[in-house]
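See below for the structure under consideration.
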Amino acid sequence: VIVINAEQVVLTGKKLDQKLMRKHSLYPGGLKETPYREVLAKKPEFAFEEAVRRMLPTGVLGRKMLKKLKVYRGTEHGHDAQKPEVLELKY
Numbered sequence: 004v005i006v007i008n009a010e011q012v013v014l015t016g017k018k019l020d021q022k023l024m025r026k027h028s029l030y031p032g033g034l035k036e037t038p039y040r041e042v043l044a045k046k047p048e049f050a051f052e053e054a055v056r057r058m059l060p061t062g063v064l065g066r067k068m069l070k071k072l073k074v075y076r077g078t079e080h081g082h083d084a085q086k087p088e089v090l091e092l093k094y
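Here it is, written out as structure tokens:
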């Protein structure tokens, strides 16, 4: 699955400021919390991949499924040789 235009992801309500991406460095006091507004500004493809990863099953099958997901910030991607089909979504 190829996802393009990840920079156009929209979060509704107050999620941009209230929802936090948490990361721990495994050192005491190493918890880093970043609001999704900053995460989407820096790496929108990472935020999209994390959302999909959390919906998939944990284990070998979920990891295999996630390897098939390719997310790109803009419209450019290097998968033209695979002849991807355009899927229009209404939201």
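For the sequence shown, this note's numbering gives the first residue as 4, with consecutive numbering after it.
The beta carbon of each residue, even a glycine, is placed where N, CA and C say it ideally should be.
CB of Val63 within 9 Å of CB of Val6, strictly: Counting from 1 along the sequence shown, the entry for residue 63 is found at position 60. Counting from 1 along the sequence shown, the entry for residue 6 is found at position 3. The answer is no: Cβ separation not under 9 Å.
At the level of alpha carbons, what is the spacing between Asp83 and Leu19? As a working mapping, residue 83 is identified with position 80 in the sequence shown. As a working mapping, residue 19 is identified with position 16 in the sequence shown. Just so you know, the alpha carbons of Asp83 and Leu19 end up roughly 33 Å apart.
Just verifying my parser: in three-state terms, what is the DSSP assignment at Val74? On the sequence shown, residue 74 is found 71 positions in, with the first residue counted as 1. It is a strand residue.
What does DSSP give as the partner residues of Ile5 in its beta bridges? The residue given as residue 5 occupies position 2 in the sequence shown. Ile5 is bridged to Lys73.
Counted within 10 angstroms of its Cβ, other Cβ atoms place Leu34 as buried (16 or more) or exposed: For the purposes of this step, residue 34 is taken as residue 31 along the sequence shown, with counting starting at 1. Per the 10 Å Cβ criterion, exposed.
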